[in-house]
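Residue numbers (the UniProt record's numbering): 1 to 91.
By construction, the Cβ of each residue, glycine as well, lies at the ideal position given by its N, Cα and C atoms.
On a predicted model such as this, the values are computed, not experimentally measured, just so you know.
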Amino acid sequence: MATGEKDFDDPLNQQHRPRRLTPRECARLMGFEAPGEAKYRIPVSDTQAYRQFVTRWSYRSFAAVAKLLEPKIKQAVALRQQEAQHGRRSR
């Protein structure tokens, strides 16, 4: 059994656990605010804030993911076009 499963509060386990993000950090990751900007007011409990920030896609986060995928999408389109030119069946 893993250390975390047998005793969650064991000091050894606590040293190796990842730290939980704060609602403020989640808001920044999702593009609601940036360091140095006016703080986004979080008028709800931490639990509600986690739900709101973690389950929402902001434009910035979607744009970042799209930018990472762009080369792969272009590669797939080029492959399809190449297969079509050579008369091969597309996948």
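P35 counts as exposed, since fewer than 16 other C-beta atoms from the protein chains shown sit within 10 angstroms of its C-beta. If you draw a straight line from the Cα of E33 to the Cα of A84, it comes to about 46 angstroms.
With contacts defined as CB atoms closer than 8 angstroms, V54 and C26 qualify as a contacting pair. Ranked by Cα distance from T22, the first of A38, A49, E37 and L69 is A49.
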